[in-house]
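The opening residue of the sequence shown carries number 1 in this note's numbering; numbering runs sequentially from there. Just so you know, even glycine gets a beta-carbon here, dropped at the ideal spot from N, CA and C. Heads up: the structure comes next, in structure tokens.
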Amino acid sequence: MTNLPQRLDPLQLARLGSLPVKARVIVEGAISGLHRASVHGSSVEFAEHKEYSPGDELRHVDWKAYAKLDRYYVKQFEQESQLTLYLVLDASASMKFAGGGLSKLEYAGLSLAALAYLVIQQQDKVGLVTCGDRGIETMVPPRARTTHLHDLLGVLDQVMTKAAAVTSRRPRPSGGSRSCRGGAGR
1 MTNLPQRLDP
11 LQLARLGSLP
21 VKARVIVEGA
31 ISGLHRASVH
41 GSSVEFAEHK
51 EYSPGDELRH
61 VDWKAYAKLD
71 RYYVKQFEQE
81 SQLTLYLVLD
91 ASASMKFAGG
101 GLSKLEYAGL
111 SLAALAYLVI
121 QQQDKVGLVT
131 CGDRGIETMV
141 PPRARTTHLH
151 DLLGVLDQVM
161 TKAAAVTSRR
171 PRPSGGSRSC
181 RGGAGR
């Protein structure tokens with residue numbers, strides 16, 4: 001198997017550069033990012049006006065709206081949060097199958113590497129969980145640093161190389177392969 005970082009085409013990654021990875025649901029978090037949070041607070045992005053009710057802070061009253069409408073309205077802002085993404089790689093023996101091109105393991109590894117690149121480019125956190133054989137199980141904690149991409153790709157490459165070597169040496173177990181569980185990295 002070839003080295004994963006060498007298989008990533010810089011031109012293809014450049015084409016992915018403008019593709020955003022966004023959460024489909026509202027997320028909660030304390031760090032600012034691209035994703036809408038379920039909490040309203042002071043932020044740059046205006047969300048809506050709401051009618052003033054006793055107990056609302058006076059500093060959020062929209063005095064211009066009061067001057068026009070003769071009613072009190074409070075400005076609400078949408079706070080953004082940081083996304084934490086866990087990439088999961090199945091490195092079991094069944095992933096060695098190649099239907100004439102790349103094996104399923106290589107395809108999955110390249111796809112996860114591209115996703116990791118996208119997530120880190122938008123300054124969100126990405127981690128890696130691999131499962132399959134006991135010797136392959138790995139857990140890389142999520143981080144948002146640019147240098148984390150290099151570390152993550154190195155671990156991903158090691159796991160893919162180790163998985164290819166393990167599956168080529170050993171016959172397939174009759175009981176099936178292990179599944180991904182929460183105990184990865186033990």
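Inter-residue CB distance, residue i and residue j (contact presumed, cutoff 8 Å)
i      : j      : result
Val271 : Tyr86  : As displayed, the chain neither begins before 1 nor continues past 186, which places residue 271 out of reach and without an answer.
Leu149 : Ala116 : 6 Å
Leu105 : Ala164 : 7 Å
Close-in-space but distant-in-sequence residues of the same chain around residue i (CB under 8 Å, 5 per side omitted)
i      : result
Tyr220 : Since the first and last residues shown for the chain are 1 and 186, residue 220 lies out of range.
Glu51  : Arg71, Tyr72, Tyr73, Val74
Contact under 8 Å by Cβ, residue i with residue j
i      : j     : result
Gly135 : Lys96 : no
Val68  : His49 : The sequence as given places Lys at residue 68; Val does not occur at that position. Not in contact: Lys68 and His49 (Cβ atoms no closer than 8 Å).
Gln123 : Ala98 : no
Proximal residues to residue i (C-beta, below 6 Å), its chain only, five neighbours per side dropped
i      : result
Tyr107 : none
His60  : Val74, Lys75
Gly127 : Tyr86, Val140, Pro141, Pro142
Thr84  : Lys125, Pro142
Reduced DSSP secondary structure (H/G/I, E/B, other) of residue i
i      : result
Ile26  : The predicted position of Ile26 is uncertain, since its pLDDT is 49 and thus under 50; a value taken from the coordinates is nonetheless stated next. Three-state result, Ile26: coil.
Ala98  : strand
Asp70  : coil
Ala91  : coil
Tyr52  : coil
Gln208 : Because the chain is modelled from 1 through 186, residue 208 falls outside the range shown and cannot be assessed.
Arg143 : strand
Gln121 : helix
Gly109 : helix
Leu85  : strand
Buried versus exposed call for residue i [16 or more other C-beta atoms within 10 Å across all chains shown]
i      : result
Arg113 : The question names Arg, but residue 113 is Ala in the sequence shown. Answer is buried; the Cβ neighbour count reaches 16.
Glu57  : exposed
Gly109 : buried
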